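K.L.:
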Amino acid sequence: MKTSTIPTLLGPDGMTSLREYAGYHGGGSGFGGQLRAWNPPGESVDAALLPNFTRGNARADDLVRNNGYAANAIQLHQDHIVGSFFRLSHRPSWRYLGIGEEEARAFSREVEAAWKEFAEDDCCCIDVERKRTFTMMIREGVAMHAFNGELFVQATWDTSPSRLFRTQFRMVSPKRISNPNNTGDSRNCRAGVQINDSGAALGYYVSEDGYPGWMPQKWTWIPRELPGGRASFIHVFEPVEDGQTRGANVFYSVMEQMKMLDTLQNTQLQSAIVKAMYAATIESELDTQSAMDFILGANSQEQRERLTGWIGEIAAYYAAAPVRLGGAKVPHLMPGDSLNLQTAQDTDNGYSVFEQSLLRYIAAGLGVSYEQLSRNYAQMSYSTARASANESWAYFMGRRKFVASRQASQMFLCWLEEAIARRVVTLPSKARFSFQEARSAWGNCDWIGSGRMAIDGLKEVQEAVMLIEAGLSTYEKECAKRGDDYQEIFAQQVRETMERRAAGLKPPAWAAAAFESGLRQSTEEEKSDSRAA
């Protein structure tokens, strides 16, 4: 007795089962089996990143040093995230601390003045190496995070009695964080980071700079925090999933394309040079055997003698009658030779369009716009430029909040602890908590970096004014978008208005209009009060 077989339902391609075809195509073989050979392993971030970690960062370093577009991408991060001055806006959580708002504002003014004196000192006392101001350290940290995926800062204590503040910081290269004696990774020590069973970092193994190479390499273990809670080693990166120990640089997704673009540009340049190098060529008539002997090389003594003799005849002939193109005429050539003039050819041949396509891909991977990466703003309308700038601005603001501000806030907390201990600044007497009990509340702050790029200054100022007048924004937010502190702007406006008045100058138009508006409003209020009476 024959058993009947149940027919298998197939998809539209006639090969894939309908059950597989109806599921997610990305997990199957794809249409026509296009994905059948694509079987990447399912790995954690550390398993995918750490085995080739050193090589990947070395390639990113090489790109930044030798590739103009990569160097520009790093410069864009520094200029748009940090700018020329990374300004502190101290905001202690006064409600939680149990103090009044005015007390908090007065305390913040003292802190900001003392911090600026310490952080932006031209003698660079904040830096162990005495090379960087605070803003320079933040710019370096942002660049380090961009092409290494992470940044490291060591908080140190200066023993010299010549300075008021002993707190100093050292920028540490990610290359120096590695397992002692270059041993392999283990469960609790990965790529130079000692972690507990929960994955939290406990400390870091930092190697000494081995240059010029003949000195033995030594490692020092530095704890993440001191027993009192003070940060000892600052490590900032953005993890993409749990269990990640080290950061991945931003160039990983576009590294191959950037390297191939380098090769493509060099090849295109060589081709253009070769085409422009020869104004004319002379062709000689040779039989096939002789041409092959000359090109591939002579094997026998007779062939070598023939080659030497032929070259000697040509050299003697043209020595007596040289061929020149700079003169008015060209002399008669050797019998059998022909002169071919080379015309300039188009060296582009579709290269520019292909380069733009690659640059758009690279710009998407780096989080910046194509126009910013290529420095090409041709054929852009205002709306297009504004949309492009806003996309990049959102990316840069995220990096400012989670990279630059985290580094800056932890450095600021280390200094604030010492400033309070030395009574350079004094905590309000009615505060509910001490500094050690509420570090985050006392050190809460915002950081103001570079302003948003202005495409059309007039339109953007009008937009800011309308937002403020409609109650949808504040002077603080709009000034921060321009990279300014509204309190400094207001104080400076008051000083300038008083100086102009003292000098007998008319107030600026906006001040006069504001005064007239205020006077008119107060007059109307007085009239309404008198009527009511």
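Per our numbering, the sequence shown starts with residue 498, numbered consecutively.
Beta carbons: idealized from backbone N, C-alpha and C, even for Gly.
Predicted, not measured: the structure shown is a model, and the values here were computed from it.
#1: Ordered along the chain, which non-local residues of its own chain (more than five positions away) have a Cβ less than 6 Å from that of E957?
#2: Could you tell me the distance, in whole angstroms, from the CA atom of T680 to the CA atom of E599?
#3: Tell me, please, which residues DSSP counts as bridged to A961.
#4: With a Cβ-Cβ cutoff of 9 Å, do S947 and H577 count as a contact?
#5: Going by DSSP, what residues sit across from H587 in a beta bridge?
#6: Grouping DSSP H, G and I as helix and E and B as strand, with all else coil, what is T489?
#7: What whole-angstrom Cβ distance do E647 and V561 have, given they're in contact under 8 Å?
#8: Closest to S750 by CA distance: which of L546, T664, A916 is it?
#9: Return helix, strand or coil for V921, following the three-state DSSP convention.
#10: How far does the beta strand (DSSP E) with R667 in it reach, from first residue to last?
#11: Starting from Q651, trace the beta strand (DSSP E) both ways and give me its first and last residue.
#12: Apart from the five residues on each side of it in sequence, which residues of its chain come closer than 6 Å, Cβ to Cβ, to W591?
#13: Quick one: grab the DSSP three-state call for C686.
#14: Return the chain-ordered list of same chain residues with a C-beta closer than 7 Å to the C-beta of I917, the five sequence neighbours on each side being excluded.
#15: With three or more C-beta pairs closer than 8 Å as the rule, is the segment 555-569 touching the segment 883-899?
#16: Let me know if L913 comes out buried or exposed under the rule of 16 or more other beta-carbons within 10 Å of its beta-carbon.
#17: Go to S704, then tell me how far its alpha helix (DSSP H) extends in each direction, as first and last residue.
#18: Expressed to the nearest angstrom, what Euclidean distance is found between the alpha-carbon atoms of V639 and L507?
#19: DSSP puts T717 in a beta bridge; with which residues?
#20: Can you tell which of E1021, R997, Q984 has the C-alpha that lies nearest to the C-alpha of R606?
#21: Go ahead and pull the three-state DSSP assignment for I770.
#22: Suppose you measure from the CA of K974 to the CA of E753; what does that come to, to the nearest Å?
#23: Rounded to a whole number of angstroms, what is the C-alpha to C-alpha distance between L758 and E852?
#24: Give me the DSSP bridge partner(s) of L507.
#25: Three-state secondary structure (DSSP) at D624?
#26: Among the candidates Q572, D706, A688, whose CA atom is the shortest distance from the CA of R872?
#27: Our contact map puts V690 next to I635 with C-beta atoms below 8 Å; I'd like the distance itself, whole angstroms only.
#28: Check whether the Cβ atoms of F662 and F615 lie closer than 9 Å to each other.
#29: I'd like to check one pair, Q665 with I731: are the Cβ atoms closer than 9 Å?
#30: Would you kindly check if the distance between the Cβ of N645 and the Cβ of G530 is under 9 Å?
#31: Which one or two residues does DSSP pair with V733 in a beta bridge?
#32: Going by alpha carbons, who is nearest to T632 out of A905, A935, S970?
#33: Can you give the Cα-Cα distance for M963 and Y972, rounded to whole angstroms?
#34: Closest by CA to E626, which one among A610, W612, L594, V669?
#35: What three-state label does DSSP hand E722 in the structure shown?
#36: Measuring alpha carbon to alpha carbon, tell me which of Q714, D559, N746, S902 ends up nearest G862.
P.N.:
Reading it off the structure:
#1: Position 460 of the sequence shown holds residue 957. Spatial neighbours of E957 in its own chain (CB-CB distance under 6 Å, excluding positions within 5 residues in sequence) are listed in chain order as A951.
#2: Taking the sequence shown and counting its residues from 1, the one referred to as residue 680 is at position 183. Taking the sequence shown and counting its residues from 1, the one referred to as residue 599 is at position 102. If you draw a straight line from the Cα of T680 to the Cα of E599, it is about 56 Å long.
#3: Reading the sequence shown from its first residue, position 464 is the one you call residue 961. A961 pairs with nothing; no bridge assigned.
#4: In the sequence shown, counting from the first residue as 1, residue 947 sits at position 450. In the sequence shown, counting from the first residue as 1, residue 577 sits at position 80. A contact, by the Cβ cut-off of 9 Å.
#5: Position 90 of the sequence shown, counting from 1, holds the residue named residue 587. In the DSSP output, where bridge partners are listed per residue, H587 has C942.
#6: Outside the shown range of the chain (498 to 1030) lies residue 489, about which nothing can therefore be said.
#7: Position 150 of the sequence shown, counted from the first residue, corresponds to residue 647. Position 64 of the sequence shown, counted from the first residue, corresponds to residue 561. Actually they are not in contact, since the Cβ atoms of E647 and V561 sit about 15 Å apart, beyond 8 Å.
#8: Along the sequence shown, read from residue 1 onward, the residue named residue 750 stands at position 253. The shortest C-alpha separation from S750 is found at L546.
#9: The residue labelled residue 921 in the question sits at position 424 within the sequence shown. In this structure, DSSP gives V921 a state outside helix and strand, which the three-state scheme calls coil.
#10: Translated into positions along the sequence shown, residue 667 becomes position 170. Counting along the chain, R667 sits inside the beta strand (DSSP E) bounded by residues 664-669.
#11: Here residue 651 is taken as the residue at index 154 of the sequence shown, counted from 1. Segment 648-654, the beta strand (DSSP E) holding Q651.
#12: In the sequence shown, residue 591 corresponds to position 94, counting from 1. Contacts found: E598, A601.
#13: Along the sequence shown, one-based indexing puts residue 686 at 189. If DSSP states are grouped into helix, strand and coil, C686 belongs with the strands.
#14: Mapped onto the sequence shown, residue 917 falls at position 420. Closer than 7 Å at the Cβ level, and outside the excluded window around I917, lie L924, F932.
#15: No, because fewer than three Cβ pairs between the segment 883-899 and the segment 555-569 fall closer than 8 Å, the two stretches do not touch.
#16: By 1-based counting over the sequence shown, the position of residue 913 is 416. Its Cβ being crowded by 16 or more others within 10 Å, L913 is buried.
#17: Working through the sequence shown from its first residue, we reach residue 704 at position 207. Note, S704: premise wrong, no alpha helix (DSSP H); beta strand (DSSP E) at 698-704.
#18: As a working mapping, residue 639 is identified with position 142 in the sequence shown. As a working mapping, residue 507 is identified with position 10 in the sequence shown. Taking the straight line from one Cα to the other gives about 54 Å.
#19: Looking up residue 717 in the sequence shown gives position 220. Within the DSSP bridge table, the entry for T717 names V703 as partners.
#20: By 1-based counting over the sequence shown, the position of residue 606 is 109. That would be Q984, whose Cα lies nearest to the Cα of R606.
#21: As a working note, residue 770 is residue 273 in the sequence shown. Note: I770 maps to helix in three-state DSSP.
#22: Indexing the sequence shown from 1 puts residue 974 at position 477. Indexing the sequence shown from 1 puts residue 753 at position 256. C-alpha separation (whole angstroms): 40 Å.
#23: As a working mapping, residue 758 is identified with position 261 in the sequence shown. As a working mapping, residue 852 is identified with position 355 in the sequence shown. Taking the straight line joining both Cα atoms gives about 8 Å.
#24: Against the sequence shown, residue 507 aligns to sequence position 10. The partner list for L507 (beta bridge, DSSP) reads S514.
#25: As a working note, residue 624 is residue 127 in the sequence shown. In the displayed model, D624 falls within a strand according to three-state DSSP.
#26: Sequence index remark: in the sequence shown, residue 872 carries index 375 (1-based). For the residues Q572, D706, A688, the minimum Cα distance to R872 belongs to Q572.
#27: Stepping through the sequence shown from its first residue, residue 690 is reached at position 193. Stepping through the sequence shown from its first residue, residue 635 is reached at position 138. Between I635 and V690 the Cβ distance is about 23 Å, and since that is not below 8 Å, they are no contact.
#28: Within the sequence shown, the letter at position 165 stands for residue 662. Within the sequence shown, the letter at position 118 stands for residue 615. For F662 and F615, yes; Cβs fall inside 9 Å.
#29: What you label residue 731 is simply residue 234 of the sequence shown in a count that begins at 1. What you label residue 665 is simply residue 168 of the sequence shown in a count that begins at 1. Against a cut-off of 9 Å, the Cβ pair of Q665 and I731 comes out as no contact.
#30: To locate residue 530, count along the sequence shown from 1; it is residue 33. To locate residue 645, count along the sequence shown from 1; it is residue 148. Cβ distance not < 9 Å, so G530 and N645 don't count as in contact.
#31: If you number the sequence shown from 1, residue 733 lands on position 236. Bridge partners of V733: L648.
#32: Translated into positions along the sequence shown, residue 632 becomes position 135. The option with the nearest alpha carbon to T632 is A905.
#33: Translated into positions along the sequence shown, residue 963 becomes position 466. Translated into positions along the sequence shown, residue 972 becomes position 475. Answer to the nearest angstrom: the Cα atoms are 11 Å apart.
#34: Along the sequence shown, one-based indexing puts residue 626 at 129. Closest option to E626, Cα to Cα, is V669.
#35: In the sequence shown, residue 722 corresponds to position 225, counting from 1. Here DSSP, grouped into helix, strand and coil, assigns E722 to strand.
#36: Along the sequence shown, one-based indexing puts residue 862 at 365. Among Q714, D559, N746, S902, the Cα nearest to that of G862 is on N746.
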